[in-house]
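**Q** In the working numbering, the protein residues as written are 1 to 160.
1) Give every residue of the same chain whose Cβ lies closer than 6 Å to the Cβ of residue 84, excluding the five residues on either side of it in the sequence, and list them in chain order.
2) Using DSSP with H/G/I as helix, E/B as strand and the rest coil, what is residue 4?
3) Measuring alpha carbon to alpha carbon, tell me which residue in 81, 106, 113, 126 is nearest residue 4.
4) Flag this pair as yes or no: are the beta carbons of residue 56 and residue 42 separated by less than 7 Å?
5) What would DSSP say about residue 16, mapped onto helix, strand or coil?
6) Would you tell me roughly how many angstroms separate the C-alpha atoms of residue 52 and residue 147, rounded to the nearest one?
7) Would you give the residue range spanned by the alpha helix (DSSP H) that residue 59 belongs to?
8) Which partner residues does residue 38 have in the DSSP bridge list?
9) How would you call residue 46, buried or exposed, if buried means at least 16 neighbouring beta carbons within 10 angstroms?
10) Under the DSSP definition of a beta bridge, which residues are partnered with residue 49?
See below:
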């Protein structure tokens, strides 16, 4: 069980304001990474602020996606990637990379990732939101905090 779990929180559409990444080697969490990300023009949708509680004041001095990308790449390249609702996080990554002229293909992580939503729906858990899955599997969660969400996703994947 060697993989990397990732979770993005977004400011608007696909523009991330935070990322959490959890690296698992042989079933053991060996690395955790979290950082705030300054979205373009530091603009936020009020709805997303209400979801995750990250405000423009929190990211005004944060690094841009392009500046944190080397840390992201280091943790994702050539790995099996897992996310809860993988299409959302995969699109955030791919579209952010495209915005900054970064080549998604060089990550060598595939066009589809492992998805804990799909896994737990297939097991009969409905709804299969992260909070529901964590409650069912007795996993601690500070929902919509990127590192907590990524860690919970990793634990869900380990328990599948």
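Glycine residues also receive a C-beta, built at the ideal position from the N, C-alpha and C atoms.
**A** According to the structure data:
1) Translated into positions along the chain shown, residue 84 becomes position 84. Taken in chain order, the residues that qualify are 116, 117, 130, 153.
2) Translated into positions along the chain shown, residue 4 becomes position 4. It is a strand residue.
3) Locating residue 4 in the chain shown gives position 4, counting from the first residue. Ranking the options by Cα distance to residue 4, first place goes to 81.
4) In the chain shown, counting from the first residue as 1, residue 56 sits at position 56. In the chain shown, counting from the first residue as 1, residue 42 sits at position 42. Yes, the Cβ-Cβ distance between residue 56 and residue 42 is below 7 Å.
5) Here residue 16 refers to the residue found at position 16 of the chain shown. Strand.
6) Taking the first residue of the chain shown as position 1, residue 52 is located at position 52. Taking the first residue of the chain shown as position 1, residue 147 is located at position 147. Straight-line Cα distance between these residues: approximately 12 Å.
7) Within the chain shown, the letter at position 59 stands for residue 59. Looking at the DSSP string, the run of the alpha helix (DSSP H) that includes residue 59 is 56-59.
8) Within the chain shown, the letter at position 38 stands for residue 38. Under DSSP, the beta-bridge partners assigned to residue 38 are 64.
9) Here residue 46 refers to the residue found at position 46 of the chain shown. Here residue 46 is exposed: its Cβ has fewer than 16 other Cβ atoms, across all protein chains shown, within 10 Å.
10) Locating residue 49 in the chain shown gives position 49, where the first residue counts as 1. Residue 49 is not bridged to any residue.
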